[in-house]
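Okay, so here's the structure we're looking at.
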Amino acid sequence: MARDAYLPQTPKDLKAMSKHHNGIQVISQLGAEAVSPASKWNSRHLVAYRLLTHPQDDAFLEVFKADHDAQCPLCTDDQPYAQKIDHTSTNRLIGQNPRGLCEKSESELMRLPDGFFWVALARAANRPGPVNGTTARPNRNRKQVDHGPYVSSTSEILDSSPPTQPSSSSSFGTDSSNIDVDEDEHGERGSKPEEVTVHLITSFLQYALSLCLLQRSTSRTTPELEVRARIERIATTASIAGNSVAAEDNGGICLMRQSQPGWTMKHAYMALVEAKRAFRYIQYHKNSDSCVPVVSRDNLAQYLGEAVITWKGNSELLQNDIFLIAATSTFVQFIHFRFGRDYKEYLNIEDGESQVEFVNSDGKDAFVYMRSTRFFNLQSAEGRQIALCHVLALLRWHDARGIRHMAAANEEGDERVLDENFMDVSD
Numbered sequence: 001m002a003r004d005a006y007l008p009q010t011p012k013d014l015k016a017m018s019k020h021h022n023g024i025q026v027i028s029q030l031g032a033e034a035v036s037p038a039s040k041w042n043s044r045h046l047v048a049y050r051l052l053t054h055p056q057d058d059a060f061l062e063v064f065k066a067d068h069d070a071q072c073p074l075c076t077d078d079q080p081y082a083q084k085i086d087h088t089s090t091n092r093l094i095g096q097n098p099r100g101l102c103e104k105s106e107s108e109l110m111r112l113p114d115g116f117f118w119v120a121l122a123r124a125a126n127r128p129g130p131v132n133g134t135t136a137r138p139n140r141n142r143k144q145v146d147h148g149p150y151v152s153s154t155s156e157i158l159d160s161s162p163p164t165q166p167s168s169s170s171s172f173g174t175d176s177s178n179i180d181v182d183e184d185e186h187g188e189r190g191s192k193p194e195e196v197t198v199h200l201i202t203s204f205l206q207y208a209l210s211l212c213l214l215q216r217s218t219s220r221t222t223p224e225l226e227v228r229a230r231i232e233r234i235a236t237t238a239s240i241a242g243n244s245v246a247a248e249d250n251g252g253i254c255l256m257r258q259s260q261p262g263w264t265m266k267h268a269y270m271a272l273v274e275a276k277r278a279f280r281y282i283q284y285h286k287n288s289d290s291c292v293p294v295v296s297r298d299n300l301a302q303y304l305g306e307a308v309i310t311w312k313g314n315s316e317l318l319q320n321d322i323f324l325i326a327a328t329s330t331f332v333q334f335i336h337f338r339f340g341r342d343y344k345e346y347l348n349i350e351d352g353e354s355q356v357e358f359v360n361s362d363g364k365d366a367f368v369y370m371r372s373t374r375f376f377n378l379q380s381a382e383g384r385q386i387a388l389c390h391v392l393a394l395l396r397w398h399d400a401r402g403i404r405h406m407a408a409a410n411e412e413g414d415e416r417v418l419d420e421n422f423m424d425v426s427d
């Protein structure tokens with residue numbers, strides 16, 4: 001059993017978890033914590049907000065898996081796809097790291113192809129150095145202890161598969177030292193502000209959406225649309241159980257629409273980004289033969305809070321689903337939250353007794369369902385490739401549901417339908 005893991009998968013499991021939290025069942029029983037912002041949520045919120053989880057999806061988020069297997073332009077090229085990618089840029093992203101990534105100066109990295117991304121990666125991967133005359137902390141001698149499913153983070157984290165197409169540049173090549181993380185390094189990464197991780201994931205998304213994916217409208221009569229990394233943080237306040245509850249994300253993926261002049265954001269929540277400092281624990285992942293961060297209950301509660309509050313404040317746009325990209329240090333994880341058909345009604349009930357009666361009524365689907373991937377390390381070619389596949393699949397998911405038609409409606413008085421194939425580059 002994972003340390004500090006939140007495991008309820010069924011309503012019965014949730015009731016059992018409730019007993020470990022003084023019988024809490026509903027939001028009103030949180031007391032003063034009912035008005036806490038998402039950044040302060042804890043394990044009690046997981047129970048009161050009725051989260052049910054699914055065993056972690058190993059390689060690919062389940063909601064995307066079938067589509068990825070059939071439609072990913074990166075993994076198969078035996079048929080034409082609506083999405084088109086720039087193979088030169090893509091192969092650089094999912095190829096080998098620059099040699100000496102963490103030893104090069106920023107000016108050296110910036111002069112490499114796509115240097116902005118390698119700078120962001122190096123900043124996140126490097127150990128923090130001494131500041132203003134302070135001395136570096138010496139590594140401690142450690143005894144190896146049997147942690148069960150956990151391993152000492154002195155174990156190597158290595159890229160388990162070769163890049164799809166290695167770069168021919170002499171500046172790039174196999175450099176496994178870029179991917180190893182020891183226990184001291186993992187702990188020291190926790191001293192870095194979360195802005196370093198935000199910068200890395202934003203740079204990765206900019207690379208994926210602006211350099212790997214080819215986007216343009218095929219119509220000359222409708223406005224141009226573009227999916228972008230959203231660097232702006234957005235604060236949302238929603239009414240839940242009669243209280244105003246707030247959340248602020250770390251950015252995301254958004255849909256922009258060309259206007260006169262400039263561009264207007266029409267869908268800000270295609271995915272949310274939530275970044276954290278390096279987590280306290282890492283765990284050995286047998287299938288990938290690597291070590292990955294362990295999400296604590298409090299961190300999970302904060303992810304849930306971000307999702308619930310954003311969804312509640314924008315439920316007509318988001319319908320029943322919201323996606324969150326969780327990032328810590330150089331690791332990234334994709335999470336899918338789906339809201340039960342009666343969940344919004346549950347959030348609108350203000351009286352505590354009525355909340356209890358509602359959730360205990362037969363047939364009421366007042367749950368949040370969550371599925372997630374394992375963490376992927378952006379220091380590895382394999383990690384970058386599967387993260388890119390998820391970003392492309394996310395866009396196809398939105399495209400299939402026509403969300404951009406709701407989000408990118410024309411200006412008042414203009415009833416024309418927006419271009420149906422805004423990611424298609426065919427003539």
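The opening residue of the sequence shown carries number 1 in UniProt numbering; numbering runs sequentially from there.
Glycine included, C-beta positions come from ideal geometry on N, C-alpha and C.
| Check | Outcome |
| --- | --- |
| Euclidean distance between Cα positions of I253 and F376 | 18 Å |
| Stretch pair the region 291 to 308 + the region 40 to 53: three plus CB contacts closer than 8 Å | yes |
| Whether E195 touches R277 by CB criterion (8 Å) | no |
| Distance between S244 and R374 (C-alpha atoms, nearest Å) | 33 Å |
| L388 beta carbon less than 8 Å from that of L200 | no |
| Enclosing beta strand (DSSP E) for N243 [first to last residue] | 243 to 248 |
| A275 and T328 closer than 8 Å at C-beta | yes |
| Whole runs of the beta strand (DSSP E) within the region 30 to 79, excluding any shorter than 3 residues | 51 to 53 |
| Buried/exposed call for C75, threshold 16 Cβ in 10 Å | exposed |
| For F334, the three-state DSSP class (helix, strand or coil) | strand |
| Coil, strand or helix - V294 by DSSP | coil |
| Coarse secondary structure for V26, derived from DSSP in three states | coil |
| Given T267 as reference, the closest of R338, R228, F367 once Cα atoms are compared | The amino acid at residue 267 is misidentified as Thr; the sequence shows His. For H267, the nearest C-alpha among the options comes from R228. |
| C-beta atoms of D114 and L52 nearer than 8 Å | no |
| Local conformation of F358 per DSSP, three classes | helix |
| Backbone CA spacing between P119 and L109 [nearest angstrom] | Note that residue 119 is Val in the sequence shown here, rather than Pro. In a straight line, the C-alpha of V119 is about 6 Å away from that of L109. |
| Own chain, CB closer than 7 Å to N314, minus 5 neighbours either side, in chain order | Y269 |
| Three-pair Cβ contact test at 8 Å for the region 332 to 346 versus the region 256 to 265 | no |
| For P113, the three-state DSSP class (helix, strand or coil) | coil |
| As assigned by DSSP and simplified to three states, the class of A5 | coil |
| Through-space distance from R50 to A38, alpha-carbon basis | 15 Å |
| Secondary structure of P261, DSSP reduced to three states | coil |
| Cβ separation of I85 and L213, assumed to be a contact under 8 Å, to the nearest whole Å | 6 Å |
| Nonlocal neighbours in the same chain, by C-beta distance under 7 Å from A124, ignoring five residues either side | V196, T197, L200, S329, T330 |
| Residues near G383 by beta carbon distance below 7 Å, same chain, minus five either side | F376, N377 |
| Sheet register partners of L214 (DSSP bridge) | K84 |
| Simplified DSSP assignment, three categories, for S315 | helix |
| Pick from Q56, L317, E248 that is closest to Q333, judged by C-alpha positions | Q56 |
| Proximity to E106 [Cα-Cα], best of S36, N126, F367 | N126 |
| Opening and closing residue of the beta strand (DSSP E) in which R396 lies | Per DSSP, R396 belongs to no beta strand (DSSP E); it is in the alpha helix (DSSP H), 381 to 400. |
| L7 classed as buried or exposed, judged by whether at least 16 other C-beta atoms fall within 10 angstroms | exposed |
| Spatial distance of S168 from H68 (CA atoms) | Confidence at S168 is low in this model, with a pLDDT of 41, below 50, so its placement is unreliable and no value can be given for it. |
| Rounded C-alpha distance that separates V356 from V26 | 6 Å |
| Element boundaries [alpha helix (DSSP H), containing S18] | 11 to 19 |
| Distance between W311 and L318 (C-alpha atoms, nearest Å) | 6 Å |
| Cβ shell of Y81 (< 7 Å), same chain only, five flanking positions each side left out | Q71, P73 |
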